[in-house]
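All remarks here apply to the structure that follows.
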Amino acid sequence: MTKWRWRKELLSERRRVPASVRFEEAISLSGHLTSGRVVRPGQTVCAFVPIASEPGSVQMLDDLHDFGARVLLPVVIGRGALEWGWYAGKDSLVPGPYGLREPNGELLGVTALRIADMVLVPALAVDRNGIRLGRGAGHYDQSLPLASNGTELVAVVRDQEIFEALPSEPHDVRMSAVLTPNRGLLRFV
Ligand SMILES: Nc1nc2c(c(=O)[nH]1)N(C=O)[C@@H](CNc1ccc(C(=O)N[C@@H](CCC(=O)O)C(=O)O)cc1)CN2
Ligand SMILES: Nc1ncnc2c1ncn2[C@@H]1O[C@H](COP(=O)(O)OP(=O)(O)OP(=O)(O)O)[C@@H](O)[C@H]1O
């Protein structure tokens, strides 16, 4: 099956998930992130503001922040690597392209993710080898090679979105772990 076909099916599955289930799943994701086993206070985490049916919530960003993590969010500038800005609370988010909400503060440049200890990467699915399927804009595939060695790259998906094998291309950056509501953080070997 092509990447395009996978995306279409995964998105239509996600749209069928009731809001109440998404809400509970977001609480679980947040619980894992602030359990002390995934992120430590003082660490820098690149996160994302979920759109449409993506797993997670703005509350999760607040929880991470209250836990003591420093939270960076992506800002889309053109078609290349993502820019980054600090998350400074719900009220600091402003509308961006594709219905995104983005931080309104200073842009820190594309290399800001070098300071991240962990990057939470939005994904439609991930496979057992850490191959991630995104929305197909290629922003993360261009940004993730700029992260420092040892930075944990974590695909955030629903429990049903881990598959045996997904189509991959040479530019796809492998994830080091996946985070799901019910299984928590699973590292790929
Ligand atoms: N929350 C989030 N932030 C992100 C990404 C993402 O996938 N999710 N990106 C990952 O690269 C970058 C933005 N790229 C994007 C590329 C395409 C669409 C998109 O196709 N949006 C749909 C609406 C959403 C839906 O119906 O599911 C659209 O515009 O029709 C969104 C973001 C940076 N920030
Ligand atoms: N490192 C790169 N350099 C240049 N172009 C790239 C790179 N990575 C991806 N692209 C371009 O982006 C397109 C989409 O890539 P891909 O299908 O892997 O996106 P994705 O990982 O699913 O999406 P995203 O990263 O936006 O969440 C590719 O067809 C390619 O043209």
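Those letters in the sequence shown? Residues -4 to 184, by the numbering used here.
Idealized CB from N, CA, C, for every residue including glycine.
Worksheet entry | Where Leu95 falls: helix, strand or coil (DSSP) | By one-based count along the sequence shown, residue 95 stands at place 100. Note: Leu95 maps to coil in three-state DSSP.
Practice prompt. Count the C-beta pairs between the stretch 137 to 153 and the stretch 40 to 56 that are closer than 8 angstroms, then say yes if the count reaches three, no if not.
Written response: yes
Practice prompt. Could you tell me whether the Cβ atoms of Leu49 and Val70 are closer together than 7 angstroms?
Written response: As a position in the sequence shown, residue 49 is number 54, starting the count at 1. As a position in the sequence shown, residue 70 is number 75, starting the count at 1. In the sequence under discussion, the amino acid at residue 49 is Glu, which differs from the Leu named in the question. Not a contact, by the Cβ cut-off of 7 angstroms.
Worksheet item: Cα-Cα, which of Ser87, Met170, Gly75 and Pro162 is closest to Met(-4)?
Response: Your numbering for residue -4 matches position 1 in the sequence shown. Cα-wise, what sits closest to Met(-4) is Pro162.
Worksheet item: Should Pro45 be listed as close to ligand 1, given that the test is whether its C-beta is under 6 angstroms from any heavy atom?
Response: Position 50 of the sequence shown, counted from the first residue, corresponds to residue 45. Yes, ligand 1 has a heavy atom inside 6 angstroms of this Cβ.
Worksheet item: On the three-state DSSP scale, how would you describe Phe183?
Response: Translated into positions along the sequence shown, residue 183 becomes position 188. Phe183 falls in the coil class under three-state DSSP.
Worksheet item: Terminal residues of the continuous alpha helix (DSSP H) containing Asp58?
Response: Translated into the one-based positions of the sequence shown, residue 58 becomes position 63. Per DSSP, Asp58 belongs to the alpha helix (DSSP H) from Val53 to Phe62.
Practice prompt. Classify Thr175 as helix, strand or coil using the three-state DSSP reduction.
Written response: Position 180 of the sequence shown holds residue 175. If DSSP states are grouped into helix, strand and coil, Thr175 belongs with the strands.
Worksheet item: Whose CB is closer than 7 angstroms to a heavy atom of ligand 2? List the residues in chain order.
Response: Lys(-2), Pro117, Arg127, Leu128, Gly129, Arg130, Gly131, Ala132, Gly133, His134, Tyr135, Asp136, Gln137, Pro140, Glu164, His166 and Asp167
Fill in: Meets three-Cβ-pair contact criterion under 8 angstroms: the stretch 76 to 91 and the stretch 112 to 130
no
Worksheet item: If we call anything under 7 angstroms between Cβ atoms a contact, is Ala64 one with Val34?
Response: In the sequence shown, counting from the first residue as 1, residue 64 sits at position 69. In the sequence shown, counting from the first residue as 1, residue 34 sits at position 39. For Ala64 and Val34, yes; Cβs fall inside 7 angstroms.
Worksheet item: Is Pro69 near ligand 1, in the sense that its beta carbon is under 6 angstroms from a heavy atom of that ligand?
Response: The count along the sequence shown starts at 1 and reaches residue 69 at position 74. Checking the Cβ of Pro69 against ligand 1 gives yes.
Worksheet item: Based on the DSSP output, what are the partners of Phe43 in its beta bridges?
Response: Along the sequence shown, read from residue 1 onward, the residue named residue 43 stands at position 48. Answer by DSSP bridge pairing: none, since Phe43 is not bridged.
Worksheet item: Does the Cβ of Tyr82 lie closer than 6 angstroms to at least one heavy atom of ligand 1?
Response: Position 87 of the sequence shown, counted from the start, is the residue given in the question as residue 82. No, since every heavy atom of ligand 1 falls outside the 6 angstroms radius drawn around the Cβ of Tyr82.
Worksheet item: Thinking just about the alpha-carbon of each residue, which of Trp1, Gly31, Val53 and Trp(-1) is nearest to the one in Arg17?
Response: The residue you call residue 17 lines up with position 22 of the sequence shown. Per the Cα distances, Val53.
Worksheet entry | Stretch pair the stretch 127 to 136 + the stretch 101 to 112: three plus CB contacts closer than 8 angstroms | no
Fill in: Closest by C-alpha distance to Pro165, when choosing among Val149, Leu181 and Arg127
The residue you call residue 165 lines up with position 170 of the sequence shown. The shortest C-alpha separation from Pro165 is found at Arg127.
Worksheet item: Helix or strand or just coil, what does DSSP make of Ile22?
Response: The sequence position of residue 22 within the sequence shown is 27, counting from 1. Correct three-state label for Ile22: helix.
Practice prompt. Work out the CA separation of Ala47 and Val12 for me, nearest whole Å.
Written response: Your numbering for residue 12 matches position 17 in the sequence shown. Your numbering for residue 47 matches position 52 in the sequence shown. C-alpha separation (whole angstroms): 11 angstroms.
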